[in-house]
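I have placed the structure first, in the form of structure tokens, so that the comments after it can refer back to it.
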């Protein structure tokens with residue numbers, strides 16, 4: 597039982613990070629129709645924003661985290677201006693290739709700036725553990741699950757109880773109608789990118805202490821976030837959350853109870869089964885032109 | 137014939153460029169070119185940077201000492217990154233464009249195996265540092281290993297587990313590639329031969345970041361010691377996660393987790409109860425040539441040297457001695473290397489066997505309690 601609790605917390609912590617990356621993915625896709633293949637690199641940038649503030653600049657933790665998130669908000673706005681706006685009227689393939697190219701550029705820019713050696717990003721609860729039902733639980737892992745829950749609650753409030761959030765949903769549903777209703781569509785689209793970058797930033801800051809911060813960390817996150825989105829339902833926010841947690845848990849529990857050698861096969865195998873049997877995912881709507 | 141302005145400009149351009157082209161060719165012909173395909177970027181660069189630095193230092197030292205009978209050497213590097221495909225492309229590029237007299241290949245067995253067929257085609261001697269027995273078993277007569285093979289490493293880890301830690305129920309965690317699988321299987325066979333069966337073997341992928349499932353599975357099987365066959369970054373992460381999971385049993389790691397590049401990612405607490413094997417115990421306190429190497433490397437590059445880099449430094453000095461004696465003819469140099477016996481490098485005494493293995497010893501070490509300083513426990517030699 598103790599081992600199961602430890603596995604559960606590990607799976608939920610990793611799943612939470614996948615979920616945040618997947619939510620960012622879905623917010624951008626719903627609002628703009630762009631499948632952002634640089635989503636994993638957004639998380640990597642978030643981790644390195646933390647490295648820059650906490651390790652390089654040695655800022656006190658509250659200031660460092662705020663500064664890192666401010667950098668991510670700026671990054672999201674910049675991405676909207678420099679990548680999305682020039683490409684928005686291009687074909688889907690052009691946009692996809694564009695985001696892939698930008699992802700590679702981001703990774704190499706990080707390599708040039710920070711070098712190829714990984715960094716150890718400290719956690720606010722560095723090295724602390726809790727004893728729970730005979731299991732030793734990492735306080736950081738529990739914190740990751742808690743912060744993700746708060747972020748999800750915040751997103752629910754944003755999208756359901758604020759004018760800006762409702763506006764963003766309106767743009768996601770029908771951009772022309774939203775424009776005719778007098779909504780400032782470009783501003784709301786920019787907010788979607790900023791929100792996605794902020795979520796990736798939070799994911800990156802939480803992931804850095806769990807893994808080491810290295811410039812190639814974005815690729816596996818992007819793949820898992822993509823799998824989470826397919827399983828949960830492309831374009832569905834609850835789907836991204838459930839999908840992310842499911843991928844994290846299946847990875848850890850599958851490795852433990854089925855085979856550690858084939859743990860990636862388990863999560864990607866489930867994704868393929870979903871694509872074949874239920875392409876709309878758990879929460880998605882049954883439509884024919886799914887991206 | 138009347139010269140137009142265009143013809144005049146062309147002739148001026150040719151007159152200006154020719155001396156430079158001539159000079160460049162003369163300079164290129166002058167030094168003996170050595171090719172080095174090493175991971176300079178990407179996750180494997182944690183150790184790759186060390187070979188880059190140590191080979192650069194060896195180049196300077198060899199040239200300062202008069203080069204190869206008056207001719208300087210020049211090492212031309214190509215980046216292999218963390219990909220076999222990139223490693224092969226880097227090798228082919230050097231072989232076709234630079235045409236070096238000798239090669240240094242990376243310390244990653246999978247890259248060594250990928251390059252081996254290409255090396256057979258160009259027939260140039262090469263030194264490599266990958267540990268997998270499969271590389272030497274491939275029977276490529278042009279390849280010479282400058283580090284202990286995985287059999288030697290596995291023997292050292294098993295000896296540490298059985299003799300020092302008195303293991304009765306060992307478990308094994310390994311990276312899923314030629315290095316990890318080979319090392320894990322060798323270790324399991326050795327435990328079996330000693331009448332101590334392994335209670336569990338768990339694998340992980342090279343890009344995996346979470347090892348809790350594998351570690352907990354081994355603990356669930358009551359492993360009293362866990363042997364870990366790892367690369368630097370994942371090795372450091374395994375040690376760290378084991379501590380966060382509250383593991384108290386000793387962990388015995390392969391050499392990559394104890395190189396300075398990996399140690400900088402760990403805290404002293406992460407290293408409590410961690411044992412391991414290293415190719416060579418590197419510390420100024422050893423004195424002599426080791427002290428000189430350690431201090432000069434540190435002063436020059438601002439980082440501690442690691443045994444992998446030292447293997448390349450030793451290899452370069454051995455290559456230079458061979459070139460001084462038999463020249464750069466590939467066959468003559470290959471034959472000279474194959475016949476090397478008891479050549480005293482800084483890290484090891486090199487004697488090549490029929491499979492191109494030159495090193496058969498390593499050191500067991502442990503982190504001093506509360507520090508990241510490694511202390512020497514014993515030497516393991518496999519003959």
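Chains as they are written, first to last, in this note's numbering: chain L, 597 to 887; chain W, 137 to 519. Heads up, the beta-carbon is just placed ideally off N, CA and C, and yes, glycines get one too. Please read all numbers here as calculations on a predicted model, not as lab measurements.
Short CB-CB distance (under 7 angstroms) between residue i and chain L
{"i": "residue 350 of chain W", "result": "yes"}
{"i": "residue 216 of chain W", "result": "no"}
{"i": "residue 434 of chain W", "result": "no"}
{"i": "residue 401 of chain W", "result": "yes"}
{"i": "residue 223 of chain W", "result": "no"}
{"i": "residue 357 of chain W", "result": "no"}
{"i": "residue 199 of chain W", "result": "no"}
{"i": "residue 299 of chain W", "result": "no"}
{"i": "residue 382 of chain W", "result": "yes"}
{"i": "residue 369 of chain W", "result": "yes"}
{"i": "residue 173 of chain W", "result": "no"}
{"i": "residue 343 of chain W", "result": "yes"}
{"i": "residue 457 of chain W", "result": "no"}
{"i": "residue 177 of chain W", "result": "yes"}
{"i": "residue 353 of chain W", "result": "yes"}
{"i": "residue 390 of chain W", "result": "no"}
{"i": "residue 431 of chain W", "result": "no"}
{"i": "residue 161 of chain W", "result": "The pLDDT assigned to residue 161 of chain W is 43, lower than 50, so where the model puts this residue is not dependable, and the model offers no usable value."}
{"i": "residue 181 of chain W", "result": "yes"}
{"i": "residue 503 of chain W", "result": "no"}
{"i": "residue 507 of chain W", "result": "no"}
{"i": "residue 346 of chain W", "result": "yes"}
{"i": "residue 338 of chain W", "result": "yes"}
Whole-angstrom C-beta distance between residue j and residue i, which should lie under 8 angstroms
{"i": "residue 247 of chain W", "j": "residue 225 of chain W", "result": "Going by Cβ atoms, the distance from residue 247 of chain W to residue 225 of chain W rounds to 11 angstroms, so no, they are not a contact pair."}
{"i": "residue 285 of chain W", "j": "residue 267 of chain W", "result": "6 angstroms"}
{"i": "residue 404 of chain W", "j": "residue 506 of chain W", "result": "5 angstroms"}
{"i": "residue 576 of chain L", "j": "residue 690 of chain L", "result": "Only positions 597 to 887 of chain L appear in the structure, and residue 576 of chain L is not among them; the question remains open."}
{"i": "residue 444 of chain W", "j": "residue 395 of chain W", "result": "6 angstroms"}
{"i": "residue 598 of chain L", "j": "residue 695 of chain L", "result": "Residue 598 of chain L to residue 695 of chain L, Cβ: 43 angstroms. No contact."}
Neighbouring residues, chain B, relative to residue i (Cβ below 9 angstroms)
{"i": "residue 438 of chain W", "result": "The structure shown contains no chain B; its protein chains are L and W."}
Beta-carbon proximity of residue i to residue j, cut-off 7 angstroms
{"i": "residue 755 of chain L", "j": "residue 828 of chain L", "result": "no"}
{"i": "residue 794 of chain L", "j": "residue 653 of chain L", "result": "no"}
{"i": "residue 331 of chain W", "j": "residue 290 of chain W", "result": "no"}
{"i": "residue 820 of chain L", "j": "residue 843 of chain L", "result": "yes"}
{"i": "residue 182 of chain W", "j": "residue 368 of chain W", "result": "yes"}
{"i": "residue 452 of chain W", "j": "residue 191 of chain W", "result": "yes"}
{"i": "residue 523 of chain W", "j": "residue 413 of chain W", "result": "Lying before the first or after the last residue shown, residue 523 of chain W is absent from chain W, which here runs from 137 to 519."}
{"i": "residue 809 of chain L", "j": "residue 620 of chain L", "result": "no"}
{"i": "residue 297 of chain W", "j": "residue 278 of chain W", "result": "no"}
{"i": "residue 622 of chain L", "j": "residue 836 of chain L", "result": "yes"}
{"i": "residue 265 of chain W", "j": "residue 449 of chain W", "result": "no"}
{"i": "residue 625 of chain L", "j": "residue 840 of chain L", "result": "no"}
Any C-beta of chain W under 7 angstroms from that of residue i
{"i": "residue 599 of chain L", "result": "yes"}
{"i": "residue 608 of chain L", "result": "no"}
{"i": "residue 773 of chain L", "result": "no"}
{"i": "residue 716 of chain L", "result": "yes"}
{"i": "residue 842 of chain L", "result": "no"}
{"i": "residue 673 of chain L", "result": "no"}
{"i": "residue 746 of chain L", "result": "no"}
{"i": "residue 637 of chain L", "result": "no"}
{"i": "residue 866 of chain L", "result": "no"}
{"i": "residue 615 of chain L", "result": "no"}
{"i": "residue 789 of chain L", "result": "no"}
{"i": "residue 807 of chain L", "result": "yes"}
{"i": "residue 650 of chain L", "result": "no"}
| request: Give a yes or no on contact between the stretch 163-178 of chain W and the stretch 200-218 of chain W, applying the rule of three or more CB pairs nearer than 8 angstroms. | output: yes
| Is it true that the stretch 703-721 of chain L meets the stretch 636-649 of chain L, where meeting means three or more beta-carbon pairs spaced less than 8 angstroms apart? | They touch, by the three-pair rule.
| said: With three or more beta-carbon pairs closer than 8 angstroms as the criterion, would you say the stretch 821-835 of chain L touches the stretch 737-746 of chain L? | reply: no
| Fully enclosed by the stretch 243-294 of chain W, which alpha helix (DSSP H) runs are 4 residues long or longer? | Correct list: 245-258, 269-273.
| field | the stretch 313-325 of chain W / the stretch 422-433 of chain W touching (three or more Cβ pairs under 8 angstroms) | value | no
| said: Check whether the stretch 447-466 of chain W and the stretch 248-256 of chain W touch, using three or more Cβ-Cβ pairs below 8 angstroms as the test. | reply: no
| At what residue ranges does the stretch 462-503 of chain W contain a whole run of the beta strand (DSSP E), taking only runs of 3 or more? | 493-495, 497-503
| message | Could you tell me which whole beta strand (DSSP E) segments of length 3 or greater appear in the stretch 398-448 of chain W? | response | 410-414
| query | Which full runs of the alpha helix (DSSP H) of 4+ residues lie inside the stretch 347-387 of chain W, going along the chain? | reply | Runs of the alpha helix (DSSP H) inside the stretch 347-387 of chain W: 348-356, 368-380.
| task | Evaluate the contact criterion for the stretch 343-350 of chain W versus the stretch 601-608 of chain L: three or more CB pairs, one atom per stretch, below 8 angstroms. | result | Under the three-pair Cβ rule at 8 angstroms, the stretch 343-350 of chain W counts as touching the stretch 601-608 of chain L.
| request: Kindly confirm or deny that the stretch 383-403 of chain W and the stretch 471-483 of chain W touch, where touching means at least three C-beta pairs closer than 8 angstroms. | output: no
| query | Looking at C-beta atoms only, is the number of pairs between the stretch 761-779 of chain L and the stretch 718-732 of chain L that lie closer than 8 angstroms three or more? | reply | no
| query | Can you list, in chain order, the stretches of the alpha helix (DSSP H) that have 4 or more residues and sit fully within the stretch 615-701 of chain L? | reply | 635-646, 657-675
| query | Counting pairs of Cβ atoms below 8 angstroms between the stretch 798-814 of chain L and the stretch 710-724 of chain L, do you hit three or more? | reply | yes
| query | What are the start and end residues of each continuous beta strand (DSSP E) run of 3 or more residues lying completely inside the stretch 298-345 of chain W, in chain order? | reply | 306-311, 336-340
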